[in-house]
Amino acid sequence: MADNDGSGRIEIQNVTKRFGSLLAVDDVSLEIPHGSYCCLLGPSGCGKTTILRMIAGHETPTSGAITIGGQDVGGLPPVRRGTALMFQSYALFPHLTVRDNVAFNLKMRGVAKEERASRADEMLALVHMTPFADRMPAQLSGGQQQRVALARALITNPRVLLLDEPLSALDEFLRLKMRSELKRLQADLGITFIHVTHTQPEAIALADLVVVMNQGIIEQAASARDVYAFPRSPYVARFMAGHNVLHGRLLASVAETHLLEGPTGARYRIPATAGTPRRTGEQVFFSVRRDLIRLTREETGGEAVENALQGTVEAVEYQGTYVKVTLAGASDEEFIVNEPEHAYFTHPVHRGDTVVASWGVEDVHLLEEDRAAGTKAAPYGEEAA
Amino acid sequence: MQRLAPYLQVAPLTLILGVFLVVPVTMIVLVSFWSYDEFDIYPDLILDNYQWILTSPVTWSLYLKTLYYALVTWAITLLIGFTISWYLVFHVKNLIWQIGLFLLCTVPFWTSNVIRMISWIPFLGREGIFNQALMGAGLTGEPLEFLLFSDFAVILAYVHLFTLFMIVPIFNSMARIDPTLIEAAVDGGARPWQVVFEVVLPLCKTGIALGSIFVIALVMGDFVVVRTMSGGQSATVASAMMNEIALLQYPTAAAGATILLVVVTLMVAAILRVVDVRRELAG
Amino acid sequence: MRTASGRRPLSFWLLTAFFVLFVLFLYGPMTAIYILSFQGPTGGLTFPMRGVSLHWFDALFGQQRTGDFAGSLERAILLALVSMAVTLVVSVAAGLAFRQRFKGASAIFYIAIASLVMPGLFVGLGISLVFQVMGVTPRWWLSGLGAHLTWTLPFGLLIMFAVFNRFNRAYEEAAIDLGATRWKTLTAVVLPILAPGLIAVGLFGFTLSYDELARSKLTVGAKNTLPLEIEAMTTSVTTPSLFALGTVTTAVSFLIIGLALGAIVMIQKRRTRRAGEA
Chain A
1 MADNDGSGRI EIQNVTKRFG SLLAVDDVSL EIPHGSYCCL LGPSGCGKTT ILRMIAGHET
61 PTSGAITIGG QDVGGLPPVR RGTALMFQSY ALFPHLTVRD NVAFNLKMRG VAKEERASRA
121 DEMLALVHMT PFADRMPAQL SGGQQQRVAL ARALITNPRV LLLDEPLSAL DEFLRLKMRS
181 ELKRLQADLG ITFIHVTHTQ PEAIALADLV VVMNQGIIEQ AASARDVYAF PRSPYVARFM
241 AGHNVLHGRL LASVAETHLL EGPTGARYRI PATAGTPRRT GEQVFFSVRR DLIRLTREET
301 GGEAVENALQ GTVEAVEYQG TYVKVTLAGA SDEEFIVNEP EHAYFTHPVH RGDTVVASWG
361 VEDVHLLEED RAAGTKAAPY GEEAA
Chain B
1 MQRLAPYLQV APLTLILGVF LVVPVTMIVL VSFWSYDEFD IYPDLILDNY QWILTSPVTW
61 SLYLKTLYYA LVTWAITLLI GFTISWYLVF HVKNLIWQIG LFLLCTVPFW TSNVIRMISW
121 IPFLGREGIF NQALMGAGLT GEPLEFLLFS DFAVILAYVH LFTLFMIVPI FNSMARIDPT
181 LIEAAVDGGA RPWQVVFEVV LPLCKTGIAL GSIFVIALVM GDFVVVRTMS GGQSATVASA
241 MMNEIALLQY PTAAAGATIL LVVVTLMVAA ILRVVDVRRE LAG
Chain C
1 MRTASGRRPL SFWLLTAFFV LFVLFLYGPM TAIYILSFQG PTGGLTFPMR GVSLHWFDAL
61 FGQQRTGDFA GSLERAILLA LVSMAVTLVV SVAAGLAFRQ RFKGASAIFY IAIASLVMPG
121 LFVGLGISLV FQVMGVTPRW WLSGLGAHLT WTLPFGLLIM FAVFNRFNRA YEEAAIDLGA
181 TRWKTLTAVV LPILAPGLIA VGLFGFTLSY DELARSKLTV GAKNTLPLEI EAMTTSVTTP
241 SLFALGTVTT AVSFLIIGLA LGAIVMIQKR RTRRAGEA
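So the sequence lines, in the order shown, correspond to chains A, B and C.
Going by UniProt numbering, the residue at position 28 of the first sequence is 28; the numbering climbs one at a time, nothing skipped.
Going by UniProt numbering, the residue at position 283 of the second sequence is 283; the numbering climbs one at a time, nothing skipped.
Going by UniProt numbering, the residue at position 176 of the third sequence is 176; the numbering climbs one at a time, nothing skipped.
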């Protein structure tokens with residue numbers, strides 16, 4: 001492999017993928033630095049797995065190019081790309097022992113039996129599966145199968161490890177455990193990990209680079225903090241959860257701020273960003289983090305106060321460190337306030353109470369338009385059936 | 001009452017198989033020790049029938065011929081069955097097409113074997129379609145004689161009639177292979193032939209075993225095809241037995257049948273030793 | 001394997017060619033004799049066709065030398081119908097039984113498998129010996145029927161296994177929960193849901209019996225069924241009448257296959273349409 005620099009840097013250039021009339025990936029470009037942990041995040045059918053499979057060489061782009069370490073990998077079989085794929089179902093060979101599964105690639109390459117076994121055992125040690133080397137896959141639990149799948153993928157010394165929903169088949173406890181182990185492994189090996197998931201806590205916990213996808217398009221590709229705290233569009237803000245998305249029509253500009261009128265008549269004051277001139281009557285979207293909103297128990301008395309919404313408590317969920325309060329009638333979409341535990345229990349609210357939620361101008365985060373068309377009411381975090 | 005239900009439900013099956021399978025097969029074994037004259041058979045306990053068969057050099061050549069037919073037919077049907085199943089499972093992605101083409105391969109199973117066998121006669125004869133085509137193309141000056149009434153014709157008919165018994169079980173077990181296993185193998189650096197031998201073949205060995213049992217049992221027990229397609233020139237163990245039955249030498253025929261039954265059972269047992277097919281059948 | 005871009009690899013075309021050749025191998029000779037059965041009166045056992053006529057079909061019914069064609073066809077169809085009915089009822093009952101654990105289940109299962117693998121000649125010989133020893137004359141509707149059932153029942157049983165494996169018992173429990181009796185549950189819920197599988201059992205029951213030769217040989221007694229008649233003709237008849245017979249018997253088979261598959265497709269279509277309306 002003389003024509004690549006040996007690194008796991010991936011460049012996706014204007015890649016489109018069609019399945020018949022279905023547009024799975026729509027002119028996507030993305031650069032993933034070498035040695036980074038990248039999560040492709042989005043609901044099912046958003047094209048994230050298709051991108052993963054195109055990098056792996058199990059699908060061919062309809063148009064566009066993919067390079068790994070500077071080398072165009074178009075037409076190369078998976079094994080010549082320096083990638084290894086860990087399948088969602090693990091795809092362990094049911095007729096082979098754990099050791100033979102891990103050693104599969106070595107056997108294909110004609111490595112002698114003893115060397116195969118010893119290198120497979122090394123890999124099994126890496127994933128703490130040494131005692132299970134002689135078992136059959138059917139005798140292992142889901143978490144154990146996953147470790148074997150990981151060892152089998154890593155034995156090829158890949159530059160890039162591709163993980164397709166690796167944690168989705170595990171129970172909550174194992175999921176958290178394997179999550180931190182994946183992160184540790186990636187740091188130790190120093191290779192690129194690309195991890196497909198539909199669960200946003202998983203993505204922000206693991207990734208250096210989070211790529212939020214929707215309908216075959218990248219809505220935002222940024223660090224976990226940027227994606228979570230500064231979502232680019234309403235879709236990202238809704239999908240990452242943690243935000244309330246609001247919108248209104250521009251009424252007037254005063255000093256460094258704009259005044260908006262929401263669909264329910266509410267008044268919003270938002271900061272005016274330098275360099276983005278706005279017209280009166282223009283529709284503006286913004287978000288406010290759930291944990292930056294104050295709840296007050298008195299009513300507003302009917303007068304329109306800026307950046308304050310009156311609503312009825314619809315549900316209260318205790319979450320340990322905070323309490324999640326869902327309001328009805330506050331805005332035209334779901335409105336949630338996360339109150340710190342002690343603040344909530346000082347003045348608890350109950351289902352049916354009328355409350356006011358308010359926030360400061362400085363907590364308003366302005367949003368750009370969604371890139372994918374018709375994504376208005378995409379539910380966050382939930383996988384569409 | 002509820003506890004009795006399964007016994008009542010399975011009773012008709014048990015009764016029919018008991019009366020028309022277990023008792024008759026037992027009867028064959030019993031009669032193989034009986035004596036006979038040209039008019040009737042008599043209960044007895046003699047080994048003459050076995051002695052006669054086992055000391056006859058004809059028996060050994062019959063077995064040799066039968067095993068030869070069984071082995072060649074098995075190898076060819078296995079090759080075809082595996083290839084056709086491979087094509088249907090891994091190359092025909094559209095489910096409707098897959099079912100349709102699979103049915104196309106199995107429909108002849110529901111038609112007459114005899115007719116399918118004799119339909120080769122106008123094809124293979126001296127004046128047959130095949131020879132006409134060959135001579136028409138100038139490939140041969142004289143008609144090929146070996147086509148009909150020969151070992152070639154017998155094996156051709158066996159393959160024609162019995163390949164289905166190979167395709168169906170192999171297709172069944174192959175269709176159950178998770179396609180991501182193939183991708184995982186490719187991802188793990190397997191070349192196409194390695195995918196076949198390291199992954200697919202081991203994963204459909206139950207189907208192969210079932211098909212093999214069918215084909216071997218069918219060839220070993222056949223007396224129709226070999227007689228018609230060899231034009232009476234070849235005989236197998238079973239067709240020789242039919243001749244004894246025609247001569248009313250039932251105890252000898254029964255002894256021959258018992259020996260053949262033991263041989264077939266041993267072959268089946270050998271296959272079952274290598275591959276456990278129980279789960280496949282029950283599933 | 002199909003590459004993602006929709007271009008198919010060379011192996012696909014090679015295998016397609018192999019498949020086409022195999023289908024030709026399977027159907028080619030049969031098709032040839034169907035065509036040849038319409039030979040003109042002066043035509044022979046092979047091509048070329050000397051005109052097109054129904055002469056050889058007439059000959060089947062008319063002349064002595066083709067034996068008792070009409071009678072043997074009638075017997076074969078009757079026997080197949082009885083086999084089908086018995087196979088259906090017995091297989092369904094046995095299939096129901098095998099859903100529970102009961103003593104001797106695996107023994108009966110293995111006997112059924114043995115029956116499937118047992119060369120037909122042994123079954124025929126054994127039954128004829130039993131009848132001979134008991135002094136009963138073999139008859140097609142008694143010993144013949146029994147012999148055929150040893151061949152059709154294992155298929156029926158295996159199909160019922162497959163069918164019940166995919167059957168969700170919750171339907172049954174729901175019916176009983178809603179106050180249906182066990183018998184009502186079976187007839188109003190279980191059997192209608194399993195209908196396509198039952199048709200398949202019927203198809204095997206009919207066609208396997210209708211075409212069975214090896215098991216019939218020593219068990220039908222004095223009156224032949226059609227496959228035996230055909231076998232006898234292969235040595236004695238040297239006219240296209242033989243092919244006409246093949247065309248007739250295959251037409252019966254295809255009619256049954258068409259009816260069965262058509263019924264299954266219709267049931268499935270109606271179900272998906274209803275599901276679509278819901």
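Yeah, the Cβ is synthetic: ideal placement off N, Cα and C, and Gly gets one too.
What residue range is occupied by the uninterrupted alpha helix (DSSP H) comprising residue 296 (chain B)?
Any question about residue 296 (chain B) goes unanswered here, given that chain B covers just 1 to 283.
Quick one, are the C-beta atoms of N208 (chain C) and T152 (chain C) less than 9 Å apart?
With the sequence shown as reference, residue 208 (chain C) is identified as Leu, and Asn is not the correct amino acid for it. A contact, by the Cβ cut-off of 9 Å.
If you scan the stretch 177-256 of chain C from start to end, which runs of the alpha helix (DSSP H) of 4 or more residues do you find wholly inside it?
182-185, 195-210, 226-236
May I have the straight-line CA-CA distance separating P379 (chain A) from A85 (chain C), to the nearest angstrom?
Confidence at P379 (chain A) is low in this model, with a pLDDT of 40, below 50, so the placement of that residue should be treated as unreliable; the coordinate-derived value is given next. Distance between the alpha carbons of P379 (chain A) and A85 (chain C) is about 56 Å.
Rounded to whole angstroms, how far is the Cβ of Q146 (chain A) from the Cβ of Y90 (chain A), which I believe are closer than 8 Å?
Taking the Cβ atoms as the reference, Q146 (chain A) lies roughly 6 Å from Y90 (chain A), within the contact range of under 8 Å.
Going by the CB atoms, is the gap between F122 (chain C) and I41 (chain B) shorter than 9 Å?
No, the pair does not count as a contact, with Cβ atoms beyond the cut-off.
Less than 9 Å between CB atoms is the rule here; does R270 (chain C) satisfy it with respect to chain B?
no
What residue range is occupied by the uninterrupted alpha helix (DSSP H) comprising V73 (chain A)?
No alpha helix (DSSP H) contains V73 (chain A), which DSSP labels as neither H nor E.
Could you check what DSSP says for A4 (chain C) in three-state terms: helix, strand or coil?
The predicted position of A4 (chain C) is uncertain, since its pLDDT is 42 and thus under 50; no value can be drawn from it.
Determine the closest residue to I76 (chain B) out of B:V22, B:P57, B:H160, B:V10, with distance taken between C-alpha atoms.
B:H160
Am I right that F47 (chain C) and Q98 (chain B) are in contact with their C-beta atoms under 8 Å? What's the rounded C-beta distance?
About 35 Å separates the two Cβ atoms, so there is no contact after all.
Where are the alpha helix (DSSP H) runs, 4 residues long or more, that stay fully inside the stretch 42-100 of chain C, in chain order?
55-62, 69-97
Who are the neighbours of T46 (chain C) on chain B, taking C-beta pairs under 7 Å?
P122, G125, E127, G128, I129
Would N105 (chain A) pass as a contact of V79 (chain A) if the rule is Cβ separation under 9 Å?
Remark: C-beta atoms of N105 (chain A) and V79 (chain A) approach each other more closely than 9 Å.
Helix or strand or just coil, what does DSSP make of D27 (chain A)?
strand
9 Å is my cut-off, CB to CB: does Q9 (chain B) come that close to chain C?
yes
Which term fits D276 (chain B), buried or exposed, when burial requires 16 or more other beta carbons within 10 angstroms of its beta carbon?
exposed
Please tell me whether M220 (chain B) and V264 (chain B) are closer than 9 Å, where the distance is taken between their beta carbons.
Contact check for M220 (chain B) against V264 (chain B) passes: the beta carbons are separated by less than 9 Å.
For the stretch 18-47 of chain C, which residues have a CB atom closer than 9 Å to at least one CB atom of chain B, in sequence order?
F18, F19, F22, V23, F25, L26, Y27, G28, P29, M30, T31, A32, I33, Y34, L36, G44, L45, T46, F47
Closer than 8 Å is the cut-off here; do at least three beta carbon pairs connect the stretch 240-247 of chain C with the stretch 19-39 of chain C?
yes
Cβ of M241 (chain B) less than 9 Å from any chain C Cβ?
yes
Looking only at its own chain, which residues have a Cβ that is under 6 Å from the Cβ of F345 (chain A), when we skip the five neighbours before and after it?
none
Buried or exposed for Q2 (chain B), please, with buried defined as at least 16 other CB atoms from any protein chain shown within 10 angstroms of its CB.
exposed
Just to confirm the assignment, what range does the alpha helix (DSSP H) spanning H148 (chain C) have?
Residue range 145-165 is occupied by the alpha helix (DSSP H) that includes H148 (chain C).
Does the beta carbon of V117 (chain C) sit closer than 9 Å to a beta carbon anywhere in chain B?
yes
How should G283 (chain B) be labelled, buried or exposed, when 16 other C-beta atoms within 10 angstroms of its C-beta is the threshold for buried?
Residue confidence for G283 (chain B) is low, a pLDDT of 47 falling below 50, so the modelled location carries little weight; the figure read from the coordinates is stated next. Answer is exposed; the Cβ neighbour count stays below 16.
Against E38 (chain B), what residues of chain A qualify as contacts under a CB-to-CB distance less than 9 Å, listed in chain order?
Ordered by position in chain A, no residue passes the 9 Å Cβ test against E38 (chain B), which lies about 59 Å from the chain.
How far does the beta strand (DSSP E) with S358 (chain A) in it extend, from its first residue to its last?
354-358
According to DSSP, simplified to helix, strand and coil, what is Y63 (chain B)?
helix
Which chain A residues sit within Cβ distance under 9 Å of Q98 (chain B)?
Here the premise fails: no neighbours, minimum Cβ distance about 18 Å.
Going by C-alpha distance, which of C:S115, C:S216, C:V133, C:F164 is nearest L79 (chain C)?
C:S216
Identify whether M1 (chain A) lies in helix, strand or coil by the three-state DSSP scheme.
With a pLDDT of 42 at M1 (chain A), under the threshold of 50, the predicted position of this residue should be treated as unreliable, though the coordinate-derived value follows. In the structure shown, M1 (chain A) sits in coil (DSSP, three-state: anything other than H, G, I, E or B).
Since H160 (chain B) is in the alpha helix (DSSP H), which residue starts that stretch and which ends it?
151-175
Could you pull out every residue in the same chain whose Cβ sits closer than 7 Å to the Cβ of P12 (chain B), ignoring the five residues on either side in sequence?
none
For A84 (chain A), which of A:D291, A:E219, A:I191, A:Y322 has the nearest alpha-carbon?
A:I191
Is it right to say K113 (chain A) is buried, meaning 16 or more other beta carbons lie within 10 angstroms of its own, or is it exposed?
exposed
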